[in-house]
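Chemist:
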Amino acid sequence: MDLLAHLPALQVVIPMLSAPLIVLLQPRGLAWAGATAVALVSFSIAVALTLAVLDGQALQYAMGGWTAPYGIALSVDTFSAIVLLVITGASTAALLAAKPSIDQQIESERQPLFYAAWLLVLSGLVGIVVSADAFNIFVFMEISSLASYILIAGGPDRRALPAVFKYLMMGTIGATFYLIGVGLIYMMTGTLNLADIQDRLGDVTDINPVLVAAGFITIGLALKAAVFPLHVWVPNAYTHAPHMVTVFLAACATKVALYVLIRFDYMIFQATLEDHQVQFALFAMPLSILGILIASAVAMFEGHLKRRLASSSIAQIGYILLGVSFVSMAGLSASAMHMFNHALAKGGLFLAVACLAYQYRDLRLDQLGGAAARMPWTCAAFVVCGLSLIGVPGTAGFISKWLLITAALESGPWGGGLVAIILVSSLMAVVYVWRIVEALYFQAPVEGEGPTSEAPIQMLLVTGFIALLNIYFGLFPQVPLELANSAAALLLEGSN
Amino acid sequence: MTPETTILVAIGLPLVGALAISLAGRIGPNIREAATAITSVSLIWVVWGLISTLMEGKSPSIEVSEVMPGLSITFTVEPLGMLFAALASGLWLINSIYSVGYMRGNKEKNQTRFFVCFALALSATVGVAFAGNLFTLFLCYELLTLSTYPLVAHKGDAATIRSARIYLGVLLSTSIGLFLPAIIWTYTVAGTGDFTAGGILAGKLNDPEIGLLLALFVFGIGKAAVMPMHKWLPAAMVAPTPVSALLHAVAVVKSGVFAITKIIIYIFGIEYLFKSPSSEWLLYVAAFTIIVASLVALRQTNIKRLLAYSTIAQLSYVVMATAILKPLAEVGAALHMVAHAFGKITLFFAAGAIYVASKKTEIHQLRGIGRRMPWTMTAFTIGALSMIGVPPTAGFVSKWYILAGAFEANNLVAVFTIIASTLLNAAYFLPILYLVWFEHEKEGEKDHGEAPFLTVLALTLTAILTLAFFLFNGPVIELASQVVKGLS
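Going down the list, the sequences are from chains A and B.
Note that numbering that gives the first Met the number 0 has the first sequence beginning at 0, numbered continuously upward.
Note that numbering that gives the first Met the number 0 has the second sequence beginning at 0, numbered continuously upward.
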């Protein structure tokens, strides 16, 4: 076996085993360097895996040579590759930029523990994505969630504690629901391996427990994915977390739960339950529309920069779910694409926010007047990523919006109405992004407040690079598009 | 350099220029202005160099990136776009001369940002002109909106920000809310959005839908300021005058009517549209805009706002001429884009020169100013006569063609609208000219002379162009006729 064959396992194992080692790196700065190196390695593995699946290989891996259904099976396809890229990319970008911001927010003696927790989150999230086994998904979900509670509460902001408690409660309920669902399925099929479940569910005669399981799993994962109206934990958790943690989690955490939701629904329930497509569409579409409209409206009125962007995230999850609810090739590829593009835009925005936060203690909009004069590069990056979030042509966000609108037009008689909703919410995005831009560029500075200089160069470079990527993938989206199309084809194939 | 790479150079040059201007801005204002001058001269050289290629009957085209299957960023040179690019790049040079005089004379802040954004806006304008399909057009159209926003908001006080918000709000919401769905609809129906001679929609859409799609396009292209999407243009007058002159009399607004003309000719196809009764409303909406905007202009007391409403009316001339759907009228539409550009930029230059010299912004303050600023006011007079369409000015030439097209189509509504609006134009410009030349100024007015030399130089040049276009319009007519070649 060559190295490539082991990559799915290494993707999970490297960050997981590095985490305890990081704790030992007490000297100043070493923990950061170690964690960043591990993140870079993870990212490289994700890129290698992506190249391999783009070549047409479906990667299956049996831990320790124990084949499924007895051993632990891992698998990577194009859909997982997109999410892997997002997770490892977000973690790498955040860590590369993180040092000054983390030094400012977290005492140096606690930093090794913090970075260890970070790597556990990373390992948990990629574990969820590569697992081919329903129970292991649960295990990795718990690893990533527990570690992310530590990350969010790790900052100096004491308001993070009630926020994280709420997150913990909701997250635990979500995970429990998921586990109940998986238990029911195990009861009916006697297996936990996803491919086996798909095979055997077709033979199950008593369908009611499976329906109940579908309900539990969908709701549980929707909670984790912050699907409207199960999103209440998001704004506070994102707002009060250390800024770099927000970059990491906002770019990928909820998307991973959504990934599992999509995979489960298409590969298992739609493949075996009759008319489940309609059920799923009727469940997901109204929720996503409400989420898009209400969360965008809320974002227009939030006065705190991070909270405003967090609300926007809930609306963006609505976009992804909307595409999925079309149960069509076009819709799925729009959603997969939006996972990638939204991570780029929102990750870039939160990076710029972290740069601002390095100099401004208070991130309410009325305190940020005139920031552009003092921090021109940060604000320029913010504008570019903001345009991408709105979906202005020439940026990555436009590509997914175009795909989503095309998919909506093809989706049926109500397509025109859906297009109208997408367009209206885009205009709302103009409003909530532009209010920030106006504050940064034209509002008068608050007396005696504000920085005298830019954020550290290390943060600026990463932020600027992500902003440029937003433009690059707006003009040359071929690679993610190929992944997204292939992912959509796989999912649809699996559902039949 | 092949013609294909020349296109990219033409679009990239102002971008490089913007970078050079921002770097030079750190050294000193004179170097910065030199960077602007070099960029604009080279842009003229590059853009005008393409004309000869076009005259040989070639139509160079280059694909930058195929973003999605069937959806590409492509730039193509065709006669109408060539005309627009040549116009915008040529006037940018004159406008840059003017800007230097104006910005220094007024001691404006943030001059580097101003010149950088101006160069970016020009890049987007050339992009609009050479866009080879709807997607590329939309891309450059939005970039133009975004790059001009800092110019409108230049002053930075609360009132300016409010106006800039209207500017951005109207332009972005119409383009995202109406223009974008129209484009996606076109791609879904026709499978392509390439600008093709004769159109791509023939036989693909039925009658009421055609009118609806046309409406999405016309109202979605807010830059054309067809009522009721015109509110942003008076709002944009808070910008420094060089911005109003080049962008809100030429580049931005002409991008709008240019896009509409291009879509009607190359997407719908004029013959196909002529046979579709559901598209007739466009002519009436344009006529309505012409008359109402002229009436509103009558009531304005501020010079720049008057010019803004006059622009709204003149833009709808182009839209109406296009909507007549006859080859002669299409030529008239193309000519009017040029003719109006020369006249209106002169008027704005004059308004700005008056402001620099005397800080006057209202019409009633202009009493007897002709004696203090003879050069400026002579140019103003020539511009005003061109707006009315009196020979020997540029406005006469284009009006002639539009009228000829209207008669060819037996379109009495268009004929009547042109006559009525000519009277209205005279009604709001002639009293000003009388005030300027024949009244005497009040006692105790501020003592002032002409505006700075560079501003006067620029406005004299454009006034000469306005007159010269009456006599030497051959090349432009030839270029415009190429658009409709094979259609008649």
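C-beta atoms are modelled at their ideal positions from N, C-alpha and C, and glycine is treated no differently.
Fair warning: this is a prediction, and the values are worked out from it, not measured in the lab.
Answer yes or no: does any C-beta atom of chain B fall closer than 8 Å to that of L260(A)?
Modeler: By this cut-off, L260(A) is not an interface position.
Chemist: Is it buried or exposed for R360(A), if we count other Cβ within 10 angstroms and need 16 for buried?
Modeler: Label assigned to R360(A): exposed.
Chemist: Which one or two residues does DSSP pair with I61(B) in a beta bridge?
Modeler: Answer is F74(B), bridged to I61(B).
Chemist: Here's a check: name, in chain order, each residue in its chain whose Cβ is nearer than 7 Å to the Cβ of S497(B), leaving out the five neighbours to either side.
Modeler: An answer regarding residue 497(B) cannot be provided, because it is not within the stretch 0 to 487 covered by chain B.
Chemist: For chain A, is any of its Cβ atoms less than 8 Å away from the one on P239(B)?
Modeler: no
Chemist: How far does the beta strand (DSSP E) with A72(A) in it reach, from first residue to last?
Modeler: 72–75
Chemist: Chain A partners of L456(B), CB-CB under 8 Å?
Modeler: Below the 8 Å Cβ cutoff, chain A contributes no neighbours of L456(B), its closest Cβ being approximately 33 Å away.
Chemist: Between the alpha carbons of L384(B) and A462(B), how many angstroms are there, rounded?
Modeler: Roughly 11 Å separates the two Cα atoms.
Chemist: For a contact defined as C-beta to C-beta under 9 Å, what are the partners of P180(B) on chain A?
Modeler: Going along chain A in sequence order, the residues near P180(B) (Cβ under 9 Å) are I404, L408, G415, V418, A419, L422.
Chemist: By alpha-carbon positions, which one of S146(B), E438(B), Y316(B), S174(B) ends up nearest to F395(B)?
Modeler: The closest CA to that of F395(B), considering only S146(B), E438(B), Y316(B), S174(B), is found on Y316(B).
Chemist: So which residues on chain B does G393(A) lean against when the C-beta distance must stay under 8 Å?
Modeler: The answer, in chain order, is L138, E141, L142.
Chemist: Under the three-state reduction of DSSP, which class applies to R109(A): helix, strand or coil?
Modeler: helix
Chemist: Are any of the Cβ atoms in chain A nearer than 8 Å to that of L486(B)?
Modeler: Annotation note: pLDDT 49 at L486(B) (below 50); position unreliable, coordinate value reported separately. With 8 Å as the cut-off, L486(B) does not count as an interface residue toward chain A.
Chemist: Evaluate V125(B) with the Cβ neighbour count: other Cβ atoms within 10 Å of its Cβ, from every protein chain shown; 16 or more gives buried, anything less gives exposed.
Modeler: buried
Chemist: Could you compute how far the alpha carbon of A118(B) sits from the alpha carbon of L367(A)?
Modeler: 29 Å
Chemist: According to the Cβ coordinates, are T345(B) and I311(B) closer than 8 Å?
Modeler: Contact: no.
Chemist: Compare the C-beta of M67(B) with all C-beta atoms of chain A and state if any pair is closer than 8 Å.
Modeler: yes
Chemist: Are the beta-carbon atoms of T300(B) and E361(B) separated by less than 8 Å?
Modeler: Yes, these two residues count as a Cβ contact at 8 Å.
Chemist: What residue range is occupied by the uninterrupted beta strand (DSSP E) comprising Q59(A)?
Modeler: 58–61
Chemist: In chain order, what residues of the same chain have a beta carbon less than 8 Å from the beta carbon of P375(A), not counting five sequence neighbours either side?
Modeler: E453
Chemist: Got a sec: is the Cβ-Cβ distance from G155(B) to anything in chain A below 8 Å?
Modeler: yes
Chemist: With a threshold of 7 Å on Cβ separation, who are the neighbours of T195(B) within its own chain once the five nearest residues in sequence on each side are excluded?
Modeler: Y265
Chemist: For the structure I just gave you, are there three or more beta carbon pairs, one from the stretch 101–115 of chain A and one from the stretch 263–274 of chain A, closer than 8 Å?
Modeler: no
Chemist: Looking only at its chain, what residues have a beta carbon closer than 7 Å to the beta carbon of L94(A), apart from the 5 residues adjacent to it on each side?
Modeler: A34, T35, A38
Chemist: Which residues in the same chain as A160(B) place their Cβ atom closer than 7 Å to its Cβ, once the five residues preceding and following it in sequence are excluded?
Modeler: It should be noted that the sequence gives Ile, not Ala, for residue 160(B). Contacts found: A152.
Chemist: By the DSSP assignment, the alpha helix (DSSP H) with W376(A) in it spans what residues?
Modeler: 375–389
Chemist: Any idea what DSSP makes of H339(B), helix, strand or coil?
Modeler: Helix at H339(B).
Chemist: Which class does A4(A) belong to by DSSP, given the choice of helix, strand or coil?
Modeler: helix
Chemist: In the stretch 182–202 of chain B, which residues sit with their C-beta less than 7 Å from some C-beta in chain A, listed in chain order?
Modeler: I183, T187
Chemist: Chain A beta carbons: is any one of them nearer than 8 Å to that of L150(B)?
Modeler: No - not a single Cβ of chain A is within 8 Å of the one on L150(B).
Chemist: List the residues of chain B whose Cβ lies closer than 9 Å to the Cβ of V429(A), in chain order.
Modeler: Correct list: L167, G168, L171, S172, I175.
Chemist: Kindly list the residues whose CB is nearer than 7 Å to the CB of Q276(A), restricted to its own chain and excluding five residues on each side of it in sequence; keep chain order.
Modeler: Q269, V326
Chemist: For the alpha helix (DSSP H) containing F273(B), list its first residue and its last residue.
Modeler: 269–273
Chemist: Tell me which residues of the stretch 61–88 of chain B have at least one Cβ-Cβ distance to chain A shorter than 8 Å, keeping chain order.
Modeler: V63, S64, E65, V66, M67, L70, I72
Chemist: Look up L486(B) in the DSSP assignment and say whether it is helix, strand or coil.
Modeler: With a pLDDT of 49 at L486(B), under the threshold of 50, the modelled position of that residue is not reliable, and no figure is offered here.
Chemist: For L417(A), which option in G302(A), I293(A), D365(A), I288(A) has the closest C-alpha, if you only look at C-alpha atoms?
Modeler: I288(A)
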